[in-house]
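A quick write-up on the structure given underneath.
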Amino acid sequence: MGMAAKTFLVVVAFVVGCSQTRTIETPAPAVDKTRISHAQHAQVGCVKCHAVTTSSGQLGARPGANDHAPCDECHKQAFLETPGELCKVCHTKVTTQPVLAAPLRPYPVEDVWQAEPPRFSHKLHMDYARMEAGVGFHVTCADCHVRDGKLARADHAACSRCHAQEARLANAPTMTACEGCHKKGLHERARSRLIKGDLKFDHPRHRADRRGTPIACEECHALSARSTSYTDHAAPRVENCVNCHDDSQRVPTELRMRICETCHAQRTQTLASIAPRSHLPASERPLDHTLAFRRDHAEPAERDSSRCAACHTQMSGNSRDACDECHQTMRPADHRITFRELDHGTEAAADRDRCARCHVVEFCTSCHAQRPRTHGFPGSFLEDHGGLARLNIRSCLTCHDQARDCARSGCHSTRSP
């Protein structure tokens with residue numbers, strides 16, 4: 000059988016605790032014979048299989064690299080027999096030929112179980128006074144997140160430079176005290192990523208702008224220095240991107256925020272011709288918001304209100320409220336000077352839904368509670384209203400109840416209209 004998996008790295012973070020014997024509080028999942036299962040090996044101490052890194056930051060040898068040790072200690076019988084199923088955990092095929100004839104499988108292949116997330120505080124690790132006193136220099140983002148000259152996720156090698164046994168930092172857990180950072184127990188894996196969906200992002204390209212000026216981590220990750228847990232390391236806000244990508248001195252114009260493909264794998268139909276307000280400087284409008292658009296936007300808004308909502312979020316979210324900001328001063332084209340007196344009643348009777356898009360009942364009653372202008376002076380209207388009623392009785396019934404206001408009013412009970 001060949002060597003153990005080539006990429007079988009130090010994965011202490013997936014195992015809980017480092018004592019030689021311990022018990023998982025969560026029921027262990029079923030064994031997957033096609034891959035190494037940390038859950039099934041949890042009663043074996045972490046350091047039994049994984050050599051602890053030193054203060055030099057060098058990774059320890061991977062399990063199995065030294066003639067299959069320490070795997071052959073527990074699986075001794077399988078190693079004494081003809082190569083079989085156990086070999087397939089690390090190798091792509093079973094063979095008795097030299098190691099090159101038995102290629103290694105990629106590792107790790109994630110299962111649905113993982114160790115509880117570590118207890119980690121960026122705030123604690125970036126405390127200037129504390130770290131200066133402990134290690135003699137101020138810890139920056141690059142001290143943990145740069146590996147081989149590239150930005151990377153912090154690993155145990157980064158931790159070991161301060162937490163290895165020989166470093167002996169006061170009140171800091173050593174690399175063998177896994178429970179100083181890791182909780183006991185397992186939980187179902189929940190993939191958590193800052194870069195989601197069709198977003199494209201390359202950290203190395205964000206280490207300096209087009210002038211060569213370094214981009215400080217804090218420009219994008221302003222809140223990270225104050226985070227106190229592994230889970231509150233929030234993604235940067237889009238506004239952070241706008242600050243640089245709309246500055247031609249820092250970012251080339253072909254990478255400005257209007258070029259969707261700069262960050263997105265593909266354009267969506269909704270955003271094909273418009274960049275969301277959050278992607279633009281505060282003083283800039285989308286390209287299609289011309290002067291003519293102020294007059295002609297009704298049809299696009301009715302067809303796809305979600306497009307409008309991508310920017311117009313400053314209101315309550317109700318489509319009427321989002322429009323009301325402008326329409327309080329800019330009325331629909333047919334709301335002419337004479338619309339209130341002559342036309343709106345007919346329009347309302349024909350299409351009440353159209354009115355309701357902007358107006359609520361209280362808007363109507365605030366006017367209709369007042370005496371209509373067609374009623375003239377009280378004395379004259381009393382004599383003249385019969386003619387108006389005969390021409391259009393419906394106009395009367397809009398406000399008046401015939402039985403209450405006509406028959407029992409004390410007028411029509413004594414004389415005919």
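Numbering that gives the first Met the number 0 applies: residue 0 is where the sequence shown begins, and numbers increase by one. Idealized CB from N, CA, C, for every residue including glycine.
Along the chain, where does the alpha helix (DSSP H) containing M256 start, and where does it finish? Looking at the DSSP string, M256 is not in any alpha helix (DSSP H), and its letter there is neither H nor E.
By the DSSP assignment, the alpha helix (DSSP H) with E238 in it spans what residues? 237-244
Determine, using beta-carbon pairs with one atom in the segment 195-205 and one in the segment 159-169, whether at least three such pairs fall under 8 Å. no
Can you grab the Cα-Cα spacing for the pair A234 / C216, in whole Å? 12 Å
Between the CA atoms of H144 and L150 - distance to the nearest angstrom: 5 Å
Anyone know if the C-beta pair for T175 and V46 falls short of 8 Å? yes
If we count the other Cβ atoms within 10 Å of its Cβ and call it buried at 16 or more, is G1 buried or exposed? Caution applies to G1, whose pLDDT of 43 falls short of 50 and renders its modelled position unreliable; the model cannot decide the point.
Straight-line gap, H90 to H220 (C-alpha atoms, nearest Å): 41 Å
Cutting at 8 Å between CB atoms, please list the residues of its own chain near A224, excluding the five before and the five after it. H121, K122, M125, E217
Please classify N317 as buried or exposed, where buried requires at least 16 other C-beta atoms within 10 Å of its C-beta. Here the model assigns N317 a pLDDT of 49, short of 50, so the residue's position is not dependable and the matter cannot be decided.
For A64, tell me which candidate among A77, H49, Q76 has the shortest Cα-Cα distance. H49
CB contact check: A406 to chain B, cutoff 8 Å: The structure shown contains no chain B; it is built from a single protein chain.
Which stretch, first to last residue, makes up the alpha helix (DSSP H) that contains I392? 392-396
Please identify the residue among R209, C405, C73 whose C-alpha is closest to the C-alpha of L40. Checking the sequence, you will find His at residue 40 rather than Leu. Measuring from the Cα of H40, the nearest candidate turns out to be C73.
Spatial neighbours of G179 in its chain, beta-carbon cut-off 6 Å, leaving aside the 5 residues before and after: P172
Hey, how far is the Cα of R403 from the Cα of F362? 25 Å
Nearest-angstrom Cα separation, counted from R104 out to P62: 14 Å
Distance check for D147 and A153, CA to CA, integer angstroms please. 12 Å
C-alpha distance - S36 paired with R209, whole-angstrom precision: 46 Å
Between S315 and the rest of its own chain, which residues show a CB-CB distance below 7 Å, the 5 nearest in sequence each way excluded? A caution first: S315 carries a pLDDT of 45, below 50, which makes its placement in the model unreliable, though a value can still be read off. Once the five neighbours on either side are set aside, S315 has no close Cβ partner at all.
Between the alpha carbons of P436 and A163, how many angstroms are there, rounded? The chain is shown only over 0 to 416; residue 436 falls outside these bounds and no answer can be derived.
Residue(s) in a DSSP beta bridge with R403: Answer is none; R403 lacks a bridge partner.
Excluding the 5 residues preceding and the 5 following C307 in the sequence, name in chain order all residues of the same chain whose CB lies nearer than 6 Å to its CB. A300
Could you please give the first and the last residue of the uninterrupted alpha helix (DSSP H) stretch that includes Q265? First-last for Q265: undefined, no H or E at that position.
Rounded separation between P371 and R356 - CA only: 24 Å
For the alpha helix (DSSP H) holding K87, just list the boundary residues, first then last. It is not in any alpha helix (DSSP H) - K87 carries neither H nor E in the DSSP assignment.
Give the secondary structure of V250 by DSSP, where H, G and I count as helix, E and B as strand, and everything else as coil. coil
What runs of the alpha helix (DSSP H), each 4 residues or longer, lie entirely inside the segment 335-392? 343-349, 351-355, 360-367, 377-390
Could you check how far apart the C-beta atoms of D197 and H278 are, in whole angstroms? I think they sit under 8 Å. So it is not a contact: roughly 15 Å between Cβ atoms.
Own chain partners of G77 with C-beta closer than 6 Å, once the 5 adjacent residues on each side are dropped: The sequence shown places Ala at residue 77, rather than the Gly named in the question. Closer than 6 Å at the Cβ level, and outside the excluded window around A77, lie L85.
Using the Cα positions of T252 and A141, report the straight-line distance between them to the nearest angstrom. 28 Å
Go ahead and label V359 buried or exposed: buried means 16 or more other beta carbons lie within 10 angstroms of its beta carbon, across all protein chains shown. exposed
Residue range of the alpha helix (DSSP H) that D147 falls in? Element bounds for D147: n/a, residue is neither H nor E.
Less than 8 Å separating the beta-carbons of H374 and C398? no
V241 to T139 span [Cα, whole Å]: 25 Å
Bounding residues of the alpha helix (DSSP H) (the contiguous stretch that carries C48): 45-48
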